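All the letters of the sequence shown, read from the start, carry residue numbers 9 to 222 under the working numbering. Even for Gly, the Cβ is constructed at its ideal location relative to N, Cα and C. Treat the numbers as computed from the prediction; the structure is a model and nothing was measured. What follows is one structure encoded as C-alpha cells, with my remarks underneath.
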Amino acid sequence: MGVRPLGNTLFATCMIAGSALTLAPVASAGPPCPGAEVVFARGREEPPGAGLVGDAFANSLRAKTQLPVGVYGVNYPADVDPAKGASDMSNHVQYMAKHCPNTREVLGGYSLGAVSADLVIAVTQPSFGFKNPLPPGIDQHVAAVALFGNGTQRVLGPVPGFSPAFAGKTIEECAPGDPICNGNGKAVWASHLQPSYIDSGLVDQAAGFAAGKL
C-alpha cells in the first residue's frame, strides 16, 4: 500500500468531523476550461455543491485574481465516508488535467471534505476505500490546496508531515477553539461551524494564499 506516511488514523478522523450547517447553495458552473478552478469538498450533511465555505472561498479567490475561476463541488454524499469524496475529487482533477491542461486547479475541503482532500494529496495507491489516486505528474496541475477545520491535522499534524509533495502548496486553517482540528485550549463547537471560518477572515486569508500560487 503506497501512502505518504499516513496510517489508519487518517480514515478514522472522518468520525470526528462534525455535522455542519445546511444552507449552502449549489455551486455555479464555470467556463469549460477556466484559467483556474476550485475543486471543493463540502462538510458533513451540507447539501450538494461546494458548501458555504467552498463558495465563500471561490468568491474571495475571484476577487484576488484576474483569471476566470470555475467551481466544481465534489459529488459525494458528505455523510461519514471521506473516500467517496476523495475518489470524485481525484476523478475530476484527472479529467481536467487531460481536457483542460492549462487550468490551474485549487483543491479544498471543509471538515469531512478536508479529510477527502487529505486522501487525494497523501495516498498514492488504492487504500482506505479510495480507489483512484492521482497518477504521477498530475500534482503539477494543482496550484494550491486549502483545508478548513481538518480533523487530520489534530491527529497527524500539518500536511508537510504526511504529504511533502503538497507541502508548499497547502494552507490549513483551524479556527481558535475548533475541537475538530485543534486539541489545545477550550473547545467550542461553534468554532467549527462555517461562520467561524467565513466571518473571521480565515477563508479570505486562504484565498489570498491560493491566489499567490496561481
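- Of the residues assessed, D87 falls on the exposed side of the cut-off, its CB having fewer than 16 other CB atoms within 10 angstroms.
- Annotated three-state conformation of V150 is strand, per DSSP.
- Judged by DSSP secondary structure, A49 falls within the beta strand (DSSP E) whose first and last residues are 44-49.
- Exclusion of the five residues before and after H100 leaves V47, Y80 as the residues of its chain whose Cβ lies within less than 7 angstroms of its Cβ.
- Here Y118 is near V61, since their CB atoms are less than 8 angstroms apart.
- For a cut-off of 8 angstroms, the C-beta gap from L222 to A66 is around 13 angstroms, too long to register as a contact.
- Burial of Q202 is indicated by the presence of at least 16 other C-beta atoms within 10 angstroms of its C-beta.
- Straight-line spacing of the CA atoms in L155 and G121 works out to 8 angstroms.
- For T111, the secondary structure class from DSSP, reduced to helix, strand or coil, is coil.
- Closest in alpha carbon position to G159, among A125, V150, N140, is A125.
- A straight line joining the alpha-carbon of Q148 with that of P109 spans about 10 angstroms.
- Using a 10 angstroms sphere on the CB of D186, the tally of other CB atoms reaches 16 or more, which defines it as buried.
- Within the same chain, and ignoring the five residues on either side of C41 in sequence, the residues whose Cβ sits closer than 6 angstroms to its Cβ are C108, T111.
- Under DSSP, no beta-bridge partner is assigned to G220.
- Considering only A218, N192, Y205, the residue with the shortest C-alpha distance to G59 is Y205.
- A64 and G157 have their C-alpha atoms spaced approximately 15 angstroms apart.
- In the displayed model, I129 falls within a helix according to three-state DSSP.
- For G137, no beta strand (DSSP E) segment is defined, and its DSSP state is neither H nor E.
- The continuous alpha helix (DSSP H) containing Y205 extends over residues 202-206.
- No Cβ-Cβ contact shorter than 8 angstroms links S208 with A173.
- Judged by beta-carbon spacing, V153 lies within the 8 angstroms limit of G116, meaning their Cβ atoms are closer than that value.
- Only residues of its own chain outside the window of five on either side were considered, and among them A183, P184, G185, D186 have a CB closer than 7 angstroms to the CB of S199, listed in chain order.
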